[in-house]
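Written out below as structure tokens is the structure these notes cover.
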Amino acid sequence: MKNIAEKLTNEEYEKNFAELHPPLTQNSAATEANRCLYCYDSPCMKACPTHIDISSFIKKIATGNLLGSAKTIFKSNWVPLTCARACPVQVLCEGACVFVEKGEKPIEIGRLQRFAIESYFNSYKPQLFSKEKSNGKNVGIIGSGPSGLACAAELSLLGYDVTVYEANKIPGGLNTWGIAPYKLRQADSLKEVEFIKSFGVKFKTNTKVGEDISFNDLYKKHDAIFIGIGLGESTRLRIPGEDLTGVVDALDFIEDVKNEKWDKVSVGKRVAVIGAGNTSIDAVTEAKRLGAEQVYVIYRRGTDDMSAYDFEYELAKSDEVIFYFKTMPKKITGDNFVEGIECVKVKLGEKNEKGKRETKVIPNSEFILPVDMVIKAVGQNISNNFINDIYEIKIERGKVVVDEDTFQTGNKKIFAGGDCINGGKEVVNAAYDGKMAAHGIDKYLNSNKKSAIIR
Ligand SMILES: Cc1cc2nc3c(=O)[nH]c(=O)nc-3n(C[C@H](O)[C@H](O)[C@H](O)COP(=O)(O)OP(=O)(O)OC[C@H]3O[C@@H](n4cnc5c(N)ncnc54)[C@H](O)[C@@H]3O)c2cc1C
73 MKNIAEKLTN EEYEKNFAEL HPPLTQNSAA TEANRCLYCY DSPCMKACPT
123 HIDISSFIKK IATGNLLGSA KTIFKSNWVP LTCARACPVQ VLCEGACVFV
173 EKGEKPIEIG RLQRFAIESY FNSYKPQLFS KEKSNGKNVG IIGSGPSGLA
223 CAAELSLLGY DVTVYEANKI PGGLNTWGIA PYKLRQADSL KEVEFIKSFG
273 VKFKTNTKVG EDISFNDLYK KHDAIFIGIG LGESTRLRIP GEDLTGVVDA
323 LDFIEDVKNE KWDKVSVGKR VAVIGAGNTS IDAVTEAKRL GAEQVYVIYR
373 RGTDDMSAYD FEYELAKSDE VIFYFKTMPK KITGDNFVEG IECVKVKLGE
423 KNEKGKRETK VIPNSEFILP VDMVIKAVGQ NISNNFINDI YEIKIERGKV
473 VVDEDTFQTG NKKIFAGGDC INGGKEVVNA AYDGKMAAHG IDKYLNSNKK
523 SAIIR
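Start counting the sequence shown at 73; every next residue gets the next number (this note's numbering).
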């Protein structure tokens, strides 16, 4: 990079990356729990993709039964600390709270869930679940993100011998390596990994399937396989200058920030982020918090078309990020290092068959924005070759096709869930998929079993 932003002091970094929503105290949690109306039809529970029995866990907080509260939450969701801190609650459980309709503040479900789970993790951690007797069958799980973790936890309690293969050196997927540190620190994500490890799940890290171990070996070794590999690198911009020094993939940048060695991450003085999804917002707010002086978002459509949530957009605006809407990058300029980005203004037309508005370049509207760093955040693709070699697995529009009830792929022995089947949603969706896939696997391997799982 040509111009690197001045390094901050450790205190400044810690202040900039301090958590957005601090935890509830015991008293404030009890007061908040007592505000809940325990609605008979629990709209919050319906709005949660993992269908946590929210009224019930809140009632248990109100009565001081914190272990019972944590158990209720874990029954539906194996990564509830991450979800409590990173879920877009405004559009899920809290958005559905009856208080919203009355024009009042919704129950702080996310913070109450965090209170219950942290109380458990900070306790002597008594065993909450009993494991079924070993059934002699084993399952291989590829990827230790929330989908893989949920699948592993559920299968392990059902009596399976479970091994998780993870390419990274530290498990947890994007919970550990992606989610902005002011929402969730690595150490919190790892508490969930340790909890699941305590069920007897084995983790083989630094093991990339397709490179360090062949998929065929895994296929022969295990009775069933779950694929929870998420998505891969960011989509290329396909414009000149994309390979200059100073052009980086949003995920690489965010992964460096998640290491929490803030002073080791270089950020330009002026940074342009291409794209306006939630990853792009994370990249701009993180760049700003690392000390970048000016940060821009360049997006070819308008505010209504952004996939970033409103509250994420507001956060970026409060960090003084400048948005260039209806603007397309044309070329990244510079000799060896990024020096600027040439953009062109566009006019928006009708929506196409994908529901996206067509863009039409406005002639002679080019302008150059001087920048030292360009971060690409225009979506991700599945970038695992091994999956393309399994001929029964269908990939449509960049997503692995599965049965929507069992999460089984075209190959009966292989199941999949999370971002690789939905194209990139939220942690809570991946957690649900992994759990449901575990039941799909159980049905496939244990089809004579009479009763449903009761814990
Ligand atoms: C920058 C960013 C910020 C986000 N912030 C939020 C947020 O605030 N809130 C929210 O709810 N959601 C957020 N999300 C979305 C959320 O993180 C994902 O939806 C979720 O993590 C998907 O889980 P997953 O299990 O499908 O995959 P991932 O979490 O991506 O995990 C996949 C794992 O598989 C491993 N893997 C891949 N290939 C192989 C292989 N061949 N062999 C072995 N291992 C392999 C990877 O190393 C990785 O650990 C964010 C996403 C991004 C990119």
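Built from N, CA and C at the ideal position, the CB exists for glycine as well. Predicted model, so just to flag it, every value in this text is computed and none were measured.
#1: Check Q366 in the structure and name its three-state DSSP category.
#2: Just checking A348 against ligand 1 - is the residue's beta carbon closer than 7 Å to any of the ligand's heavy atoms?
#3: Quick check: the Cα distance between C492 and Y196, rounded to an integer number of angstroms?
#4: According to DSSP, simplified to helix, strand and coil, what is C108?
#5: Could you tell me the alpha carbon to alpha carbon distance between P218 and C120, rounded to whole angstroms?
#6: Which residues does DSSP pair with A296 in a beta bridge?
#7: So, are the CB atoms of N350 and Y396 less than 8 Å apart?
#8: Below 8 Å on the Cβ atoms is my contact criterion, and I expect T154 with E264 to pass it. Report the Cβ-Cβ distance as a whole number of Å.
#9: Identify every run of the beta strand (DSSP E) within the region 117-189, keeping only runs that are complete inside it and at least 3 residues long; order them along the chain.
#10: Taking buried to mean at least 16 other C-beta atoms within 10 Å of its own C-beta, is R361 buried or exposed?
#11: Consult DSSP for L262 and reduce its assignment to one of helix, strand or coil.
#12: Got a sec, what are the start and stop residues for the beta strand (DSSP E) M400 sits in?
#13: Is S437 near ligand 1 - that is, is its Cβ less than 7 Å away from at least one heavy atom of it?
#14: Mind checking which residues open and close the alpha helix (DSSP H) that includes V500?
#15: Per DSSP, what are the beta-bridge partners of K423 in this structure?
#16: At a threshold of 7 Å, does K448 count as lining ligand 3 (C-beta to nearest heavy atom)?
#17: Where DSSP assigns a beta bridge to T317, which residues make up the other side?
#18: Counting C-beta neighbours from all protein chains within 10 Å, is the total for D505 16 or more, i.e. buried, or is it exposed?
#19: Would you decide whether R308 is buried or exposed? Buried here means 16 or more other CB atoms lie within 10 Å of its CB.
#20: Quick one: what does DSSP say D289 is sitting in, helix, strand or coil?
#21: Suppose contacts are defined by Cβ-Cβ distances below 8 Å. Is A158 in contact with A503 by that definition?
#22: Under 8 Å, Cβ to Cβ, is there at least one residue of chain B near D444?
#23: Give the secondary structure of G244 by DSSP, where H, G and I count as helix, E and B as strand, and everything else as coil.
#24: Between T431 and R372, is the Cβ-Cβ spacing less than 8 Å?
#25: For N88, which residues of its own chain have a beta-carbon under 6 Å away from its beta-carbon, when the five flanking residues on both sides are left out?
#26: Taking L256 as the reference, give the member of A509, A510 and V499 with the closest Cα.
#27: Where do the N-terminal and C-terminal ends of the alpha helix (DSSP H) with Y232 fall, by residue?
#28: Can you check DSSP and say which residues form a bridge with Q480?
#29: Inspect the beta-carbon positions of N149 and I124 and report whether they are closer than 8 Å.
#30: If you follow the alpha helix (DSSP H) that R361 is part of, which residue opens it and which one closes it?
#31: Determine contact between the region 454-467 and the region 169-186, defined as no fewer than three beta-carbon pairs at a distance below 8 Å.
#32: Determine which residues share a DSSP beta bridge with F395 and list them.
#33: Please classify E358: is it buried, with 16 or more other beta-carbons within 10 angstroms of its beta-carbon, or exposed?
#34: Using a threshold of 7 Å, is the CB atom of T279 nearer than that to any non-hydrogen atom of ligand 1?
#35: Go through its chain and collect everything with a Cβ distance to I251's Cβ below 6 Å, but skip five positions before and after it.
#36: Alpha carbon to alpha carbon, how far is V211 from H511?
In terms of the structure at hand:
#1: Numbered from its first residue, the sequence shown carries residue 366 at position 294. Residue state, collapsed to three classes: strand.
#2: Indexing the sequence shown from 1 puts residue 348 at position 276. No, Cβ of A348 sits at least 7 Å from all heavy atoms of ligand 1.
#3: Counting from 1 along the sequence shown, the entry for residue 492 is found at position 420. Counting from 1 along the sequence shown, the entry for residue 196 is found at position 124. Going from the Cα of C492 to the Cα of Y196 covers about 36 Å.
#4: Working through the sequence shown from its first residue, we reach residue 108 at position 36. In this structure, C108 counts as coil in the three-state DSSP scheme.
#5: In the sequence shown, residue 218 corresponds to position 146, counting from 1. In the sequence shown, residue 120 corresponds to position 48, counting from 1. Each residue's Cα considered, the two are about 16 Å apart.
#6: Residue mapping note: residue 296 aligns to position 224 of the sequence shown, counting from 1. DSSP output for A296 lists V211 as bridge partner(s).
#7: Residue 350 sits at position 278 when you count from the first residue of the sequence shown. Residue 396 sits at position 324 when you count from the first residue of the sequence shown. No.
#8: The count along the sequence shown starts at 1 and reaches residue 154 at position 82. The count along the sequence shown starts at 1 and reaches residue 264 at position 192. Between E264 and T154 the Cβ distance is about 6 Å, and since that is below 8 Å, they are a contact.
#9: none
#10: Residue mapping note: residue 361 aligns to position 289 of the sequence shown, counting from 1. Under this definition R361 is a buried residue.
#11: For the purposes of this step, residue 262 is taken as the residue at position 190 of the sequence shown. It is helical.
#12: Here residue 400 refers to the residue found at position 328 when the sequence shown is read from its first residue. Segment T399 to T405, the beta strand (DSSP E) holding M400.
#13: The residue you call residue 437 lines up with position 365 of the sequence shown. Checking the Cβ of S437 against ligand 1 gives no.
#14: Numbered from its first residue, the sequence shown carries residue 500 at position 428. Looking at the DSSP string, the run of the alpha helix (DSSP H) that includes V500 is V499 to L517.
#15: The residue labelled residue 423 in the question sits at position 351 within the sequence shown. In DSSP, K423 forms a bridge with R429.
#16: Because ligand 3 does not appear in the structure shown, any question about it cannot be addressed here, the ligands present being ligand 1.
#17: Here the question's residue 317 lines up with position 245 in the sequence shown. According to DSSP, which records beta bridges pairwise, T317 is partnered with F409.
#18: Position 433 of the sequence shown holds residue 505. Buried: at least 16 other Cβ atoms inside 10 Å.
#19: Residue numbering aside, residue 308 sits at position 236 when the sequence shown is read from its first letter. Its Cβ having fewer than 16 others within 10 Å, R308 is exposed.
#20: Counting from 1 along the sequence shown, the entry for residue 289 is found at position 217. Here D289 carries a helix assignment [DSSP, helix/strand/coil].
#21: By one-based count along the sequence shown, residue 158 stands at place 86. By one-based count along the sequence shown, residue 503 stands at place 431. Taking 8 Å as the Cβ cut-off, A158 and A503 do not qualify as a contacting pair.
#22: In the structure shown, chain B does not exist; there is a single protein chain.
#23: Walking along the sequence shown from the start, residue 244 turns up at place 172. Note: G244 maps to coil in three-state DSSP.
#24: Reading the sequence shown from its first residue, position 359 is the one you call residue 431. Reading the sequence shown from its first residue, position 300 is the one you call residue 372. Yes, Cβ-Cβ distance for T431 and R372 is below 8 Å.
#25: Stepping through the sequence shown from its first residue, residue 88 is reached at position 16. In the same chain as N88, and ignoring 5 residues on each side of it, the C-beta atoms closer than 6 Å to its own belong to R361, in chain order.
#26: What you label residue 256 is simply residue 184 of the sequence shown in a count that begins at 1. Out of A509, A510 and V499, V499 has the C-alpha closest to the C-alpha of L256.
#27: Reading the sequence shown from its first residue, position 160 is the one you call residue 232. Y232 -> no alpha helix (DSSP H), and no H or E assigned at all.
#28: Numbered from 1 along the sequence shown, position 408 holds the residue referred to as residue 480. DSSP, once it has assigned bridges, lists F487 as partnering Q480.
#29: Counted from its first residue, the sequence shown places residue 149 at position 77. Counted from its first residue, the sequence shown places residue 124 at position 52. Result yes, Cβ atoms of N149 and I124 sit closer than 8 Å.
#30: Position 289 of the sequence shown holds residue 361. N350 to R361 is the extent of the alpha helix (DSSP H) around R361.
#31: no
#32: Taking the first residue of the sequence shown as position 1, residue 395 is located at position 323. V369.
#33: For the purposes of this step, residue 358 is taken as the residue at position 286 of the sequence shown. Counting Cβ neighbours within 10 Å, E358 comes out buried, since at least 16 surround it.
#34: Here residue 279 corresponds to residue number 207 of the sequence shown, with the count starting at 1. Within the cutoff, so yes.
#35: In the sequence shown, the residue the question calls residue 251 occupies position 179. So the list reads A158, once near-sequence residues are dropped.
#36: Stepping through the sequence shown from its first residue, residue 211 is reached at position 139. Stepping through the sequence shown from its first residue, residue 511 is reached at position 439. Computed Cα separation, rounded: 12 Å.
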